[in-house]
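*Asks:*
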């Protein structure tokens, strides 16, 4: 079943919040095996470009995992949603990723890495650090402060 990574928050003077994909953004998650319910003790990292062979199958996935506790094979495929724009000032909630997970559940997204956004005046910010749930800067073209606050991430089917 397909689930999604959603983001919501308050954007002030900026729009189009999304990960910087050059080089490929490493999406970090905490995961749990669906067979034994054991939560993996380390974060995992998945990007949009890497593909790994699924053992015993002709298919590929963005991430392949074998549970240390029960030995079950699992895999995850991630992709950008159609008409992807990132979080905008107008949207209360935006889909950042489409996720298809088999045998493993992504339980938490960890927003580590560079994000980007654009101000109302067209200034592009490419080193937006939102790991603390907020970001503040100054747009010289607009002569005003810009910010992203109250960020919340959710992995859900709806």
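In the working numbering, the protein residues as written are 3 to 160. Glycine included, every Cβ here is placed at the ideal spot set by N, Cα and C. Quick caveat, the model's predicted, so the values are computed rather than measured.
#1: Between which residues of its own chain and residue 2 is the CB-CB distance below 8 Å, once the five residues before and five after are set aside?
#2: Do you know offhand how far residue 129's Cα is from residue 160's?
#3: Give the single residue among 149, 85, 8 whose Cα lies nearest to the Cα of residue 119.
#4: Assuming residue 6 is part of the beta strand (DSSP E), what are its boundary residues?
#5: Does DSSP put residue 49 in a helix, in a strand, or in coil?
#6: Sorted by chain position, which residues of the same chain lie with C-beta nearer than 6 Å to residue 80's C-beta, five sequence neighbours on each side aside?
#7: May I ask you to verify whether the segment 8-27 touches the segment 79-96, counting CB pairs closer than 8 Å and requiring at least 3?
#8: Apply the 10 Å Cβ neighbour rule to residue 97 and answer buried if 16 or more other Cβ atoms are within range, or exposed otherwise.
#9: In terms of residue numbering, what span does the beta strand (DSSP E) encompassing residue 139 cover?
#10: Counting pairs of beta carbons, one from the segment 134-151 and one from the segment 58-74, are three or more of them closer than 8 Å?
#11: Specify the secondary structure class of residue 60 as computed by DSSP and reduced to three states.
#12: Are the CB atoms of residue 104 and residue 77 nearer to each other than 8 Å?
#13: Compare the C-alpha of residue 82 against each of 124, 68, 22 and name the closest.
#14: Buried or exposed for residue 19, please, with buried defined as at least 16 other CB atoms from any protein chain shown within 10 angstroms of its CB.
*Replies:* So, to answer that:
#1: Not covered by the structure: residue 2. The range shown for the chain is 3 to 160.
#2: Each residue's CA atom was taken as its position, placing residue 129 and residue 160 some 30 Å apart.
#3: Nearest to residue 119 by alpha-carbon distance, out of 149, 85, 8, is 149.
#4: In the DSSP assignment, residue 6 falls within the unbroken beta strand (DSSP E) covering 4-14.
#5: In the structure shown, residue 49 sits in coil (DSSP, three-state: anything other than H, G, I, E or B).
#6: Result list for residue 80: 48, 64, 99, 101, in chain order.
#7: Taking a contact to require three or more Cβ pairs closer than 8 Å, the segment 8-27 and the segment 79-96 qualify as touching.
#8: Label assigned to residue 97: buried.
#9: Note, residue 139: beta strand (DSSP E), 137-141.
#10: They do not touch, by the three-pair rule.
#11: DSSP places residue 60 in coil when its eight states are reduced to three.
#12: In this structure, the beta-carbon distance from residue 104 to residue 77 falls below 8 Å.
#13: Ranking 124, 68, 22 by CA distance to the CA of residue 82 puts 22 first.
#14: Here residue 19 is buried. Its C-beta has 16 or more other C-beta atoms within 10 Å.
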